[in-house]
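Undergrad: Residue numbers (our numbering): 42 to 196. Positions of the beta carbon are idealized from the N, C-alpha and C atoms, including for glycine. The structure that follows is given in the form of C-alpha cells.
Given below as C-alpha cells:
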C-alpha cells in the first residue's frame with residue numbers, strides 16, 4: 042500500500058488509475074504540502090486508514106522562476122514552505138509514527154543537483170538554497186537518529 046500525497050486530486054486519481062493493474066495499491070491523499078494543517082491531516086488519515094508508516098519518500102518540490110533582486114516574496118515563501126518546511130513536517134509526522142510503532146523505517150529525501158552545487162540559473166532564486174537545506178536537514182536527521190539510537194534509515 043502506498044499513499045500518494047499531493048495538491049491536485051485529478052493527477053493523483055489519474056496516477057492511481059494508471060497503476061491499478063499493478064501489484065499493490067496507490068491511495069490518493071489530497072494535501073497542500075505548503076500547509077502544516079494539511080500535512081498533519083494527511084498523515085492522520087494515512088495512519089487511521091492504512092496503518093503504521095514504514096517508508097516516507099519526500100518528493101515534493103516547488104520551483105517558479107523569479108529573481109532575488111526583483112523577486113516576488115510570495116514565490117520565495119512558497120519555495121521554502123514546500124521544499125523545506127513541508128519536507129520537515131512530513132518527516133516529523135512519519136518518524137513520530139515509526140517510533141510510536143517501533144518500526145525501523147526509512148526516510149528518503151529526493152533532492153536536486155542544486156542541493157549540492159549552485160548552477161548559473163539566477164532565476165532559480167531561493168530554490169538552490171531550499172535544496173541545500175534538504176541536504177543539511179538530511180545530515181542533521183542522521184545525527185539526530187544516531188543520538189536517539191534510532192534504527193530508522195535516512196537517505
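The alpha helix (DSSP H) that contains residue 81, what's its start and end?
TA: Note, residue 81: alpha helix (DSSP H), 77 to 91.
Undergrad: Identify the residues that DSSP records as bridge partners of residue 44: which are they?
TA: For residue 44, which the question treats as bridged, DSSP gives the partners 68.
Undergrad: In the region 94 to 176, which residue ranges form an unbroken beta strand (DSSP E) of at least 3 residues, counting only runs that do not cross its ends?
TA: Runs found: 96 to 99 and 147 to 150.
Undergrad: Could you tell me how far apart the beta carbons of residue 125 and residue 174 are, in whole angstroms, since I believe they sit closer than 8 Å?
TA: About 5 Å; that satisfies the 8 Å criterion.
Undergrad: CB-CB under 6 Å to residue 182, same chain, minus the five flanking residues each way: which ones, in chain order?
TA: Result list for residue 182: 195, in chain order.
Undergrad: Taking the alpha carbon of residue 98 as the reference point, which residue from 110, 191, 158 and 46 has its own alpha carbon closest?
TA: Checking every option, the nearest Cα to that of residue 98 belongs to 46.
Undergrad: Sort 193, 52, 80 and 70 by Cα distance to residue 149 and report the nearest one.
TA: Closest option to residue 149, Cα to Cα, is 193.
Undergrad: Within 10 Å of its beta-carbon, does residue 162 have 16 or more other beta-carbons around it, so buried, or fewer, so exposed?
TA: It counts as exposed.
Undergrad: Is the CB of residue 92 under 8 Å away from at least one CB in chain D?
TA: No chain D is part of this structure, which consists of one protein chain only.
Undergrad: Given residue 116, which residues of its chain have a CB within under 6 Å of its CB, disregarding the five upstream and five downstream residues?
TA: Result list for residue 116: 105 and 107, in chain order.
Undergrad: DSSP on residue 50, reduced to helix/strand/coil?
TA: Here residue 50 sits in helix by DSSP.
Undergrad: Closest by CA to residue 90, which one among 147, 69, 130 and 49?
TA: Measuring from the Cα of residue 90, the nearest candidate turns out to be 69.
Undergrad: Within the same chain, show all residues whose beta-carbon is closer than 6 Å to that of residue 142, passing over the 5 residues directly before and after it, in chain order.
TA: Result list for residue 142: 93, in chain order.
Undergrad: Nearest-angstrom Cα distance between residue 95 and residue 111?
TA: If I take the Cα positions, the gap works out to 43 Å.
Undergrad: For residue 86, which residues from the same chain have a beta carbon less than 7 Å from its beta carbon, with the 5 sequence-adjacent residues on both sides left out?
TA: Here the set comprises 70.
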